[in-house]
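Visitor: Can you read through this structure? Questions will come right after.
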Amino acid sequence: MFDVNPITKATLPILKQFVVKAAGSSDGSGNLTMTIAPQIITSGAFQTVSAAPADNAALTFVGTANTNYTNNLFFDRNAFALVTVPMAKPPGAVDVSRQSKNGISVRVIPFYDGTNDKSTWRLDVLYGTKTIDPRLAVRVAGT
5 MFDVNPITKA
15 TLPILKQFVV
25 KAAGSSDGSG
35 NLTMTIAPQI
45 ITSGAFQTVS
55 AAPADNAALT
65 FVGTANTNYT
75 NNLFFDRNAF
85 ALVTVPMAKP
95 PGAVDVSRQS
105 KNGISVRVIP
115 FYDGTNDKST
125 WRLDVLYGTK
135 TIDPRLAVRV
145 AGT
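Residue numbering for the sequence shown follows this note's numbering, beginning at 5 and increasing consecutively.
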């Protein structure tokens with residue numbers, strides 16, 4: 005199976021690589037079931053490969069078994085999102101403020117510990133992350 009251009013769907017001259025996401029299971033007769041990414045889609049707007057895999061086709065794994073490899077992540081800034089939400093000021097707290105910079109909102113609460121004569125600052129961030137477009141990121145394993 006060859007890779008395809010994600011926009012034009014033209015067949016590219018390189019074999020499509022997949023990531024095994026979960027350990028496979030065998031039915032004992034040589035059939036292996038495993039979860040991979042990306043999905044194998046052979047036509048339409050979300051096509052990922054040039055053709056369906058052949059029945060009983062051989063699998064080629066990259067790397068050597070029981071060998072550790074360095075993993076690198078290359079991505080476009082539009083592949084992932086980090087979103088923060090301004091947090092409420094708790095009732096009864098004094099001098100609470102919210103600071104925002106570059107889209108990141110932080111709640112700042114100063115408080116005083118009279119027993120130990122110590123001033124402390126509490127910083128809170130409420131955030132979430134999401135993969136927006138996984139086609140804009142790739143993990144590369146190497147030696």
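Ideal Cβ positions, reconstructed from N, Cα and C, are used throughout, including at glycine.
Answer yes or no: do Leu127 and Val110 have a C-beta to C-beta separation smaller than 7 Å?
Guide: Start at 1 with the first residue of the sequence shown, and residue 127 comes out as number 123. Start at 1 with the first residue of the sequence shown, and residue 110 comes out as number 106. Yes, these two residues count as a Cβ contact at 7 Å.
Visitor: Would you call the segment 42-62 and the segment 105-121 touching, i.e. three or more CB-CB distances under 8 Å?
Guide: At 8 Å Cβ cutoff, the stretches do not touch.
Visitor: Nearest-angstrom Cα distance between Thr15 and Asn9?
Guide: Residue numbering aside, residue 15 sits at position 11 when the sequence shown is read from its first letter. Residue numbering aside, residue 9 sits at position 5 when the sequence shown is read from its first letter. The alpha-carbon atoms of Thr15 and Asn9 are separated by roughly 7 Å.
Visitor: With C-beta atoms as the reference, is Phe6 less than 7 Å away from Ser54?
Guide: Walking along the sequence shown from the start, residue 6 turns up at place 2. Walking along the sequence shown from the start, residue 54 turns up at place 50. Result yes, Cβ atoms of Phe6 and Ser54 sit closer than 7 Å.
Visitor: Which residues in the same chain as Ala56 place their Cβ atom closer than 8 Å to its Cβ, once the five residues preceding and following it in sequence are excluded?
Guide: By 1-based counting over the sequence shown, the position of residue 56 is 52. So the list reads Met5, Ile44 and Thr46, once near-sequence residues are dropped.
Visitor: Return the chain-ordered list of same chain residues with a C-beta closer than 7 Å to the C-beta of Gln178, the five sequence neighbours on each side being excluded.
Guide: This structure gives no information on residue 178, because the portion of the chain shown stretches from 5 to 147.
Visitor: If we ignore side chains and look at the alpha-carbon of each, how far apart do Val24 and Ala49 end up?
Guide: Start at 1 with the first residue of the sequence shown, and residue 24 comes out as number 20. Start at 1 with the first residue of the sequence shown, and residue 49 comes out as number 45. Rounded to whole angstroms, Val24 to Ala49 spans 24 Å at the Cα level.
Visitor: Within a Cβ cutoff of 6 Å, which residues of the same chain sit near Ser101, ignoring the five residues on either side of it in sequence?
Guide: Indexing the sequence shown from 1 puts residue 101 at position 97. If we look at Ser101 and ignore the five residues flanking it on each side, its Cβ neighbours are Val112.
Visitor: Going straight from the alpha carbon of Pro149 to that of Thr124, what length do you get?
Guide: Residue 149 cannot be examined here, being either before or after the span of the chain that is shown, 5 to 147.
Visitor: In the structure shown, what three-state DSSP assignment does Arg81 receive?
Guide: Translated into positions along the sequence shown, residue 81 becomes position 77. Looking at Arg81 - three-state DSSP - the assignment turns out to be coil, as it is neither helix nor strand.
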